[in-house]
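Working notes, beginning with the structure itself.
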Amino acid sequence: VRGSVVIAASGAALPGVAVVAEPTQPGVRQETVTQANGAFHLRELAPGQYTFTFSLAGFETVTRTAQVRIGLTTTVDVEMSLSNVSLRLDRQTVTAGESLQLDAEGFLGKEQVEVELHSTPVSLGTLAADDAGALSGTIAVPSDTTPGSHEVVLIGESGRTASITVTVVAAPPLVATG
15 VRGSVVIAAS GAALPGVAVV AEPTQPGVRQ ETVTQANGAF HLRELAPGQY TFTFSLAGFE
75 TVTRTAQVRI GLTTTVDVEM SLSNVSLRLD RQTVTAGESL QLDAEGFLGK EQVEVELHST
135 PVSLGTLAAD DAGALSGTIA VPSDTTPGSH EVVLIGESGR TASITVTVVA APPLVATG
């Protein structure tokens with residue numbers, strides 16, 4: 015079985031895609047990874063019906079079914095689309111000066127992701143996505159943030175973005191002690 019994997023939007027080759035061939039009847043599963051040119055080759059698959067699964071962090075998983083026959087080359091070419099980025103906060107209201115826990119999925123594996131607080135953009139730091147394109151971290155809302163509605167915005171190196179609204183409330187005044 016031969017084939018190639020490309021990005022749906024651009025037609026560019028997609029290296030590093032995990033390709034799994036699973037027989038529909040009892041048999042031996044085979045795995046490989048696409049090369050720099052997006053090509054893959056699975057050798058010596060037994061004849062029969064197979065389900066092929068293509069996966070890579072930041073992209074929608076694609077599944078195809080194909081029949082493998084003796085003496086014939088089976089070609090399985092696929093296009094993969096970017097997956098949606100999701101972003102969650104541990105709460106929607108935060109006091110200026112406190113921290114928020116955020117979790118996100120759908121970035122590319124190992125991608126560096128800038129975290130900003132918008133009305134006026136304020137950098138809150140950079141987080142790194144794991145191999146699966148997920149990230150988790152704690153961000154501190156600056157103590158001088160103006161109370162009101164703001165957006166937590168994530169901007170990946172790939173240009174992928176996500177945002178969510180958060181309400182910032184004023185920190186209580188400090189009580190003087192003597």
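Quick note on numbering: the numbering used here labels position 109 of the sequence shown as 123, and the sequence is numbered without any gaps. Ideal placement from N, C-alpha and C gives every residue a C-beta, glycine not left out.
N-terminal and C-terminal residue of the beta strand (DSSP E) that residue i is part of
i	result
Asp117	113-119
Leu101	100-103
Ser18	16-21
Gln63	62-69
8 Å Cβ cutoff met for residue i and residue j
i	j	result
Val99	Leu70	no
Tyr64	Val82	yes
Leu138	Leu131	yes
Phe66	Arg57	no
Glu147	Phe121	For the record, residue 147 in the displayed sequence is Gly; it is not Glu. In this structure, Phe121 lies closer than 8 Å to Gly147 by Cβ.
Thr107	Val19	no
Ala143	Gly173	no
Member of the options whose CA lies at the smallest distance from the CA of residue i
i	options	result
Ile153	Ala185, Ala184, Ser163, Arg102	Arg102
Ser97	Ile84, Gly72, Thr109	Gly72
Ser133	Val92, Gln39, Thr77, His164	His164
Ala194	Gln49, Val182, Pro156	No answer is possible for residue 194: it lies beyond the span of the chain, which begins at 15 and ends at 192.
Asn51	Gly17, Val76, Val34, Glu45	Gly17
Asp91	Ala185, Pro156, Ile21, Arg174	Ile21
Gly203	Ser95, Arg105, Gly62, Asp104	Absent from the model: residue 203. The displayed extent of the chain is 15 to 192, so no value can be given.
Glu45	Phe68, Arg105, Asp158	Phe68
Ile178	Val76, Arg105, Asp158, Pro186	Arg105
CA-to-CA distance, residue j to residue i, given in whole angstroms
i	j	result
Ala176	Gly41	42 Å
Val167	His55	40 Å
Ala60	Pro37	9 Å
Glu74	Arg43	22 Å
Val129	Thr109	18 Å
Glu171	Leu114	22 Å
Ala53	Val15	11 Å
Leu149	Glu125	9 Å
Thr181	Pro187	19 Å
Glu119	Met94	17 Å
Thr160	Val127	24 Å
Ala35	Leu116	36 Å
Residue i beta carbon near the ligand PLP (any heavy atom closer than 7 Å)
i	result
Glu93	As presented, the structure is devoid of all ligands, the ligand PLP included, so that no description of it is given.
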